[in-house]
């Protein structure tokens, strides 16, 4: 029984080796839609691709985070775009994709912004 439990728990540790990737660049575009709470972000640098995420040029502020956290990130991005300042986006190197319409793994989800 203990072996079965160990194997079961071990099989769910797929993302245990995940790490954050950082991409630094100026904000080229911030895109919002009335139909979704997700905010899309394009930087001057595409950053590293994430195998599971289909889009390799755009990042996303997830609709799943709090409205306050989304607003903070949005504000930082707009200020950086206005001033031409660089920002650093962090995202997971494994998984961590934001869904878009029927695509469950479209954009790299921003986990930290500085």
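Residue numbers (this note's numbering): 19 to 132.
Just so you know, even glycine gets a beta-carbon here, dropped at the ideal spot from N, CA and C.
Only a predicted model underlies this, so the values are computations on that prediction, with no experimental measurement involved.
Looking only at DSSP bridge pairs, what is residue i linked to?
i: residue 132; result: In the DSSP output, where bridge partners are listed per residue, residue 132 has none listed.
i: residue 116; result: 125
i: residue 57; result: 50, 79
Suppose the cutoff is 7 angstroms on Cβ atoms and the five residues either side in sequence are ignored; what does the same chain contact list for residue i look like?
i: residue 46; result: 60, 61, 62
i: residue 43; result: 61, 62, 63, 104
Classify residue i as buried or exposed, calling it buried when 16 or more other Cβ atoms lie within 10 Å of its own Cβ.
i: residue 96; result: exposed
i: residue 49; result: exposed
i: residue 116; result: buried
i: residue 132; result: exposed
i: residue 100; result: exposed
i: residue 73; result: buried
i: residue 106; result: exposed
i: residue 75; result: exposed
i: residue 125; result: buried
Measuring alpha carbon to alpha carbon, tell me which of the options ends up nearest residue i.
i: residue 37; options: 108, 55, 54; result: 108
i: residue 78; options: 91, 86, 120; result: 91
i: residue 121; options: 85, 82, 58, 71; result: 71
i: residue 82; options: 52, 57, 40, 67; result: 57
Can you list, in chain order, the residues of its chain with a C-beta nearer than 8 angstroms to that of residue i? Leave out the 5 residues immediately preceding and following it.
i: residue 129; result: 38, 108, 109, 110, 114
i: residue 69; result: 112
Leaving aside the five residues before and after residue i along the sequence, list all residues of the same chain whose C-beta is less than 6 angstroms from its C-beta, in chain order.
i: residue 94; result: 131
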